[in-house]
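So the sequences go chain by chain: A and B. The opening residue of the first sequence carries number 27 in this note's numbering; numbering runs sequentially from there. The opening residue of the second sequence carries number 27 in this note's numbering; numbering runs sequentially from there. The C-beta atom is built at its ideal place from N, Cα and C for all residues, glycine as well. Only one structure is covered here, and it is reproduced in the block below.
2 protein chains.
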Amino acid sequence: MSLRHALLGLLVDRTASGYDLLKLFDTSLAHVWPASQSQVYGELTKLAETGLVTVAAEGPRGRKDYALTEAGMAELRRWLGEVPAEQPARSEVQLRVFFLDLLTPQQRLAFLDQQAERAAAHHAELRQVLESEDWTEAGMLTSNGRLSLEFGLRFTAMSEEWARWAAKQITD
Amino acid sequence: MSLRHALLGLLVDRTASGYDLLKLFDTSLAHVWPASQSQVYGELTKLAETGLVTVAAEGPRGRKDYALTEAGMAELRRWLGEVPAEQPARSEVQLRVFFLDLLTPQQRLAFLDQQAERAAAHHAELRQVLESEDWTEAGMLTSNGRLSLEFGLRFTAMSEEWARWAAKQITD
DNA sequence: TGTTTCATGTAAGACGTTACATGATTGG
DNA sequence: CCAATCATGTAACGTCTTACATGAAACA
Chain A
27 MSLRHALLGL LVDRTASGYD LLKLFDTSLA HVWPASQSQV YGELTKLAET GLVTVAAEGP
87 RGRKDYALTE AGMAELRRWL GEVPAEQPAR SEVQLRVFFL DLLTPQQRLA FLDQQAERAA
147 AHHAELRQVL ESEDWTEAGM LTSNGRLSLE FGLRFTAMSE EWARWAAKQI TD
Chain B
27 MSLRHALLGL LVDRTASGYD LLKLFDTSLA HVWPASQSQV YGELTKLAET GLVTVAAEGP
87 RGRKDYALTE AGMAELRRWL GEVPAEQPAR SEVQLRVFFL DLLTPQQRLA FLDQQAERAA
147 AHHAELRQVL ESEDWTEAGM LTSNGRLSLE FGLRFTAMSE EWARWAAKQI TD
């Protein structure tokens, strides 16, 4: 139930509509916990029913401004205090690697090259975020966002290196 | 639909029952694409209905030995030839990092330390697999399995380093 | 006035998890 | 004969994706 907690977390220092939250997801949380429109609206309704958030105000086009309740804040803290369960790591790319020898040598190499390129592109994208963001501002990329971004940078760098290494391995 | 293709892939060089496949998942594919018992049996039934696999033989306790059909092999190759869609990376851990400042400084440090320990433990586990497996044997860990294992090793090493780095960052 | 942006909602279906349910065979 | 292992299946429930549907307000 991480989506629920992501929403609660985003509502800690602002009140927001589903529409606003959706944009926050697309910017700050996109690489960490993506969510679709229907999911966000659905979850907000449930959250309001449970009393973890309330509709603090209604705006122009049926806009509902949600605010975190005390119960919501308590739930968020409870979740953060929990020891997270180890989540099963699923990687379609690694699954393909398992069956790589069903491809021709050229195809294998092309696949790994492509993965390397992809990781490099993603890395560059994150680097741009790092350089463009104003880390002192109270946007959503606080110092914590910086930590998470660093993880992304390291992950993409590692992924590219691995793909290059793997390509070399299968060339022998 | 990766589960489907994982099953087809495992049936390339052996015929196997759902029970056998389940064990293969728990050993070789556990870290790449885990699957539950009900999922495996359900998918095999669908696969047989579609004609991608057939029941080649029936054994003792209602055991069904599945074999890959030509259509199944074709589908597997088609899938492997495809350019994989970039999959949304969800990480509960990184989501928690985003909201880390709702915890006390001690809790934050404890969380990151725990993550570092977890990554280190996972890394050690994979290293054991690397050292114990006989890579020349035709078990399921072929040279491809080696590539995938290397990814796991690098990923867990990177994760630990990141967590240690992050812990240092928040100490300042 | 017409296009863009804001804004919310629902429905169908795929995928995954956990739990329940059942029974045959093997080996000690 | 009893326990462990082999072996399959179903049902309920939660999550996520894609697509459909609708309309108000802002702005040019």
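Taking residue i and residue j to be in contact with their CB atoms under 8 Å, please state how far apart those CB atoms are, rounded to whole angstroms.
i      : j      : result
B/R30  : B/L94  : Wrong, their Cβ atoms sit about 12 Å apart, outside the cutoff.
A/R122 : B/P110 : 7 Å
B/A145 : B/E186 : 4 Å
B/F124 : A/N170 : 5 Å
A/L106 : B/L179 : Wrong, their Cβ atoms sit about 30 Å apart, outside the cutoff.
A/W188 : B/E176 : 7 Å
Using a Cβ-Cβ cut-off of 6 Å (strictly less than) and excluding sequence neighbours within five positions of residue i, which residues of its own chain qualify?
i      : result
A/G165 : Confidence at A/G165 is low in this model, with a pLDDT of 48, below 50, so the placement of that residue is unreliable and no value is reported for it.
B/A83  : D91
A/E163 : Note that A/E163 has pLDDT 46, beneath the 50 cutoff, so the model's placement of it is unreliable and the number below is only indicative. Contacts found: none.
A/Q132 : none
B/R40  : none
Run the CB neighbour count on residue i, radius 10 Å, all protein chains shown included, and call it buried at 16 or more, exposed below.
i      : result
B/K90  : buried
B/M27  : exposed
B/R134 : buried
B/A192 : buried
A/T53  : exposed
B/D198 : exposed
Mapping DSSP to helix, strand and coil, what is residue i?
i      : result
B/A193 : helix
A/E75  : helix
B/V81  : strand
A/A97  : helix
B/A183 : helix
A/A32  : helix
B/D198 : coil
B/D46  : helix
A/D39  : coil
Who are the Cβ neighbours of residue i in its own chain at under 8 Å, not counting the five residues just before and after it?
i      : result
A/A42  : L36, L50, D91 and Y92
B/V119 : Q141
B/V217 : No answer is possible for residue 217 of chain B: the residues shown for chain B start at 27 and end at 198.
B/L102 : H31, L34, G35, V38 and L94
A/L21  : Past the edges of chain A, shown from 27 to 198, lies residue 21 of chain A, and the structure says nothing about it.
B/A48  : First, the amino acid is wrong: residue 48 of chain B is Leu here, not Ala. A61, Q63 and V66, listed in sequence order.
B/G85  : S43 and D91
B/D139 : A189 and A193
B/R200 : Since the first residue of chain B shown is 27 and the last is 198, residue 200 of chain B is not available in this structure.
Can you find the residues in the same chain that come closer than 7 Å, C-beta to C-beta, to residue i, ignoring five residues on each side of it along the sequence?
i      : result
B/T76  : none
A/S174 : V58
A/Q113 : none
B/A183 : H149
B/L55  : A32
Beta strand (DSSP E) segments (min. 3 residues) lying fully within the region 119–176 of chain B: none
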